[in-house]
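*Asks:* My structure is below; once you've seen it, I'll send some questions.
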Amino acid sequence: MDGFTKVGDNSFPNAAAFLTGKRVRINGYPGELPDDMTGKTYDNWPIIWRNFSEKNYRTFYAEDYVDYNLFTYLAAGFQHQPTDAYFRPFWLNVYNSYLHRRSTPLCYDRKPMHQIQLSYLSQFLNSTSRPKFALNWLTELGHDFMHIVNVADMDLAKFFEDNYALLKRLTTFYDLHATLEEILMLGNEIVCEGIEHKTQARGLSLLRSIPEARNCEEAGVPEEFCVCQSETPLPADNQEVGEAAKVLVLHINELIAGDANCANWVFEKVLHAERVFSRIRGGGGGSTMAVRRLRVSISVRPSSAVFEALIRYHPLTKKYTIIGDVNRTNKYGHTGDCINVVNLRKFCHCKV
67 MDGFTKVGDN
77 SFPNAAAFLT
87 GKRVRINGYP
97 GELPDDMTGK
107 TYDNWPIIWR
117 NFSEKNYRTF
127 YAEDYVDYNL
137 FTYLAAGFQH
147 QPTDAYFRPF
157 WLNVYNSYLH
167 RRSTPLCYDR
177 KPMHQIQLSY
187 LSQFLNSTSR
197 PKFALNWLTE
207 LGHDFMHIVN
217 VADMDLAKFF
227 EDNYALLKRL
237 TTFYDLHATL
247 EEILMLGNEI
257 VCEGIEHKTQ
267 ARGLSLLRSI
277 PEARNCEEAG
287 VPEEFCVCQS
297 ETPLPADNQE
307 VGEAAKVLVL
317 HINELIAGDA
327 NCANWVFEKV
337 LHAERVFSRI
347 RGGGGGSTMA
357 VRRLRVSISV
367 RPSSAVFEAL
377 IRYHPLTKKY
387 TIIGDVNRTN
397 KYGHTGDCIN
407 VVNLRKFCHC
417 KV
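So the number in the numbering used here is just where the residue sits in the sequence shown, counting from 1, plus 66.
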């Protein structure tokens, strides 16, 4: 989908955006949902599949990676079955089976696991004449094996090809939520042909025309994730880049300063840096001539962790400011397990 962009660093804040229309707390932005879900369930969250159930839809939720599910990673999932069709019990049995342990990775016996889940989705879609809502979340194929995501191409290609003509606008998960809300209203007299979008709405229904000149601020996209901008490379030894890298390391260490279990990071090297320019007016939070924006990726010791951030430089004051959240762009596994604050775990390298 050309122009569709994320509003958070990983899967969960983006899923929360389209399932609830609200923002979870991330560094630099206030949350609109309960914060620490460690050991808690999501039964009381305003997830939109409940609205569909109230409208007599059959509902479906399937997610393949049992260790890193959206609602069970560092949380307790659901006390009650969340949807009519719920694939997690099946996958738990599969992952605990002898046949799975002796199968090729990403397969169950001789069948790719993504095909099993897609087959389950097809059965659901053809099971009854009632309207349906389905969330089919395929994670494992690309979570740790980015170089083999293409094995699912033939299974997914036709769907994307049929929809290319509608996918050339700046859109987000908030728009997906607005679309789901509008689907709920189909048949209601409030919804009729030609109704315009609500003014100043963060989410716009994809069933209606999305403005071509829409910018990131209007769409609710954090500045560091804005796609309405261009970038030019900067050398790693550029003075502004070097100063920005120091500020980034200091900022990360300040984030974890309250936890004695986390080691301080020490700058290692600049991996790449770019100067960032807005392509659409307002598309990246402004482009004042006196203020420059840099995207800097660095590695730090211990463990050669890789962090990337968008940084604003004010030449008049010589001040560098981190914009929004800092992204951890390499795998960190269990190196941060000693800290319980979910949104800080990516910044922590446990001392022991």
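Every residue gets a Cβ at the ideal spot worked out from N, C-alpha and C, and that includes glycine.
1) For V293, which residues of its own chain have a beta-carbon under 6 Å away from its beta-carbon, when the five flanking residues on both sides are left out?
2) For the candidate residues A279, A244, L252, L273, whose alpha-carbon lies nearest to that of A267?
3) Answer with buried or exposed for F190, where buried requires no fewer than 16 other C-beta atoms within 10 angstroms of its C-beta.
4) One question on the structure: do V287 and A311 come within less than 8 Å of each other, judged by their Cβ atoms?
5) Is the beta carbon of G308 within less than 7 Å of some heavy atom of the ligand SAH?
6) Where does Q305 fall in DSSP's three states?
7) For Y398, which residues in the same chain have their Cβ closer than 7 Å to its Cβ, ignoring the five residues on either side in sequence?
8) Should the stretch 111 to 126 be regarded as contacting the stretch 184 to 200, the criterion being three or more beta carbon pairs within less than 8 Å?
9) Going by DSSP, name the residue or residues bridged to E289.
10) Taking the beta carbon of G269 as the centre, do at least 16 other beta carbons fall within 10 Å, making it buried, or is it exposed?
11) Where does E374 land, buried or exposed, given buried means 16+ other C-beta within 10 angstroms?
12) For L201, I'd like the list of residues in its chain whose CB is within less than 6 Å of its CB, leaving aside the five on either flank, ordered along the chain.
13) Is the beta carbon of E206 less than 8 Å from the beta carbon of D130?
14) Round the Cβ separation of A329 and K417 to the nearest angstrom and send it over; I've been treating them as touching at under 8 Å.
15) For the alpha helix (DSSP H) containing E297, name the first residue and the last one.
16) For G431, I'd like the list of residues in its chain whose CB is within less than 7 Å of its CB, leaving aside the five on either flank, ordered along the chain.
17) Less than 8 Å between the beta carbons of P368 and H400, yes or no?
18) Please state the DSSP three-state secondary structure of G350.
19) Under DSSP, the beta strand (DSSP E) around F373 begins and ends at which residues?
20) Would you mind working out which of E297, R167, N110 sits nearest H338, comparing C-alpha positions?
21) Whole angstroms is fine: what's the gap from V315's alpha carbon to N192's?
22) How about I276 and T237: do their beta carbons lie closer than 8 Å?
23) Where DSSP assigns a beta bridge to D68, which residues make up the other side?
24) Does M355 come out as helix, strand or coil in the three-state DSSP assignment?
25) Looking only at its chain, what residues have a beta carbon closer than 8 Å to the beta carbon of V357, apart from the 5 residues adjacent to it on each side?
26) Quick one: what's got a C-beta closer than 6 Å to I346's C-beta in the same chain, skipping five residues either side?
27) How long is the line joining the alpha carbons of G69 and L272, rounded to whole angstroms?
28) Is any beta-carbon of chain D found at less than 8 Å from that of R378?
29) Compute the Euclidean distance between the alpha carbons of V39 and A82, then round it to the nearest angstrom.
30) How is N319 classed by DSSP in three states: helix, strand or coil?
*Replies:* A quick look at the data gives this:
1) Looking up residue 293 in the sequence shown gives position 227. Beyond the five residues adjoining it in sequence on each side, V293 comes within less than 6 Å, by CB distance, of T71 in the same chain, given in chain order.
2) Translated into positions along the sequence shown, residue 267 becomes position 201. Closest in alpha carbon position to A267, among A279, A244, L252, L273, is A244.
3) Walking along the sequence shown from the start, residue 190 turns up at place 124. With at least 16 other beta carbons inside 10 angstroms of its own, F190 counts as buried.
4) The count along the sequence shown starts at 1 and reaches residue 287 at position 221. The count along the sequence shown starts at 1 and reaches residue 311 at position 245. No, Cβ-Cβ distance for V287 and A311 is not below 8 Å.
5) Of ligands this structure carries none, so the ligand SAH is not represented either.
6) Stepping through the sequence shown from its first residue, residue 305 is reached at position 239. Helix, per DSSP.
7) As a first step, residue 398 must be located in the sequence shown, where it is residue number 332. Closer than 7 Å at the Cβ level, and outside the excluded window around Y398, lie A371, K412.
8) Because the criterion of three Cβ pairs below 8 Å is met, the stretch 111 to 126 and the stretch 184 to 200 touch.
9) Counting from one through the sequence shown, the residue named residue 289 turns up at place 223. The partner list for E289 (beta bridge, DSSP) is empty, contrary to what the question assumes.
10) Numbered from 1 along the sequence shown, position 203 holds the residue referred to as residue 269. G269 comes out buried.
11) Numbered from its first residue, the sequence shown carries residue 374 at position 308. The residue is buried, with at least 16 neighbouring Cβ atoms inside 10 Å.
12) Residue numbering aside, residue 201 sits at position 135 when the sequence shown is read from its first letter. Excluding positions up to five away in sequence, the list reads Y127.
13) Counting from 1 along the sequence shown, the entry for residue 206 is found at position 140. Counting from 1 along the sequence shown, the entry for residue 130 is found at position 64. By the CB criterion at 8 Å, E206 and D130 fall inside the cutoff.
14) Along the sequence shown, read from residue 1 onward, the residue named residue 329 stands at position 263. Along the sequence shown, read from residue 1 onward, the residue named residue 417 stands at position 351. Between A329 and K417 a beta carbon distance of about 5 Å is seen, short of the 8 Å cut, so the two are scored as contacting.
15) Position 231 of the sequence shown holds residue 297. Following the DSSP letters along the chain, one finds E297 in no alpha helix (DSSP H) but inside the beta strand (DSSP E) bounded by residues 295 to 300.
16) Here the chain comprises residues numbered 67 to 418, so residue 431 is not present and cannot be evaluated.
17) For this step, residue 368 is matched to residue 302 along the sequence shown. For this step, residue 400 is matched to residue 334 along the sequence shown. Cβ distance not < 8 Å, so P368 and H400 don't count as in contact.
18) Counting from 1 along the sequence shown, the entry for residue 350 is found at position 284. Only weak support exists for where G350 lies, its pLDDT of 42 falling under 50; the coordinates are left without a value.
19) Position 307 of the sequence shown holds residue 373. Per DSSP, F373 belongs to the beta strand (DSSP E) from 371 to 380.
20) One-based indexing of the sequence shown puts residue 338 at position 272. Of the listed residues, the one whose Cα sits closest to H338 is E297.
21) Taking the first residue of the sequence shown as 1, we reach residue 315 at position 249. Taking the first residue of the sequence shown as 1, we reach residue 192 at position 126. Taking C-alpha positions only, V315 is separated from N192 by approximately 53 Å.
22) Locating residue 276 in the sequence shown gives position 210, where the first residue counts as 1. Locating residue 237 in the sequence shown gives position 171, where the first residue counts as 1. Going by C-beta atoms, I276 is nearer than 8 Å to T237.
23) Counted from its first residue, the sequence shown places residue 68 at position 2. Residue pairing from DSSP places D68 in a beta bridge opposite K234.
24) Counting from 1 along the sequence shown, the entry for residue 355 is found at position 289. With a pLDDT of 48 at M355, under the threshold of 50, the predicted position of this residue should be treated as unreliable, and no value is reported.
25) Locating residue 357 in the sequence shown gives position 291, where the first residue counts as 1. For V357, where only same-chain residues beyond five positions count, the Cβ hits under 8 Å are R378, Y379, H380, P381.
26) If you number the sequence shown from 1, residue 346 lands on position 280. Caution applies to I346, whose pLDDT of 49 falls short of 50 and renders its modelled position unreliable; the model cannot decide the point.
27) For the purposes of this step, residue 69 is identified with residue 3 of the sequence shown, where counting begins at 1. For the purposes of this step, residue 272 is identified with residue 206 of the sequence shown, where counting begins at 1. Their backbone Cα atoms lie some 13 Å apart in a straight line.
28) No chain D is part of this structure, which consists of one protein chain only.
29) With the chain covering only 67 through 418, there is no way to say anything about residue 39.
30) If you number the sequence shown from 1, residue 319 lands on position 253. DSSP places N319 in helix when its eight states are reduced to three.
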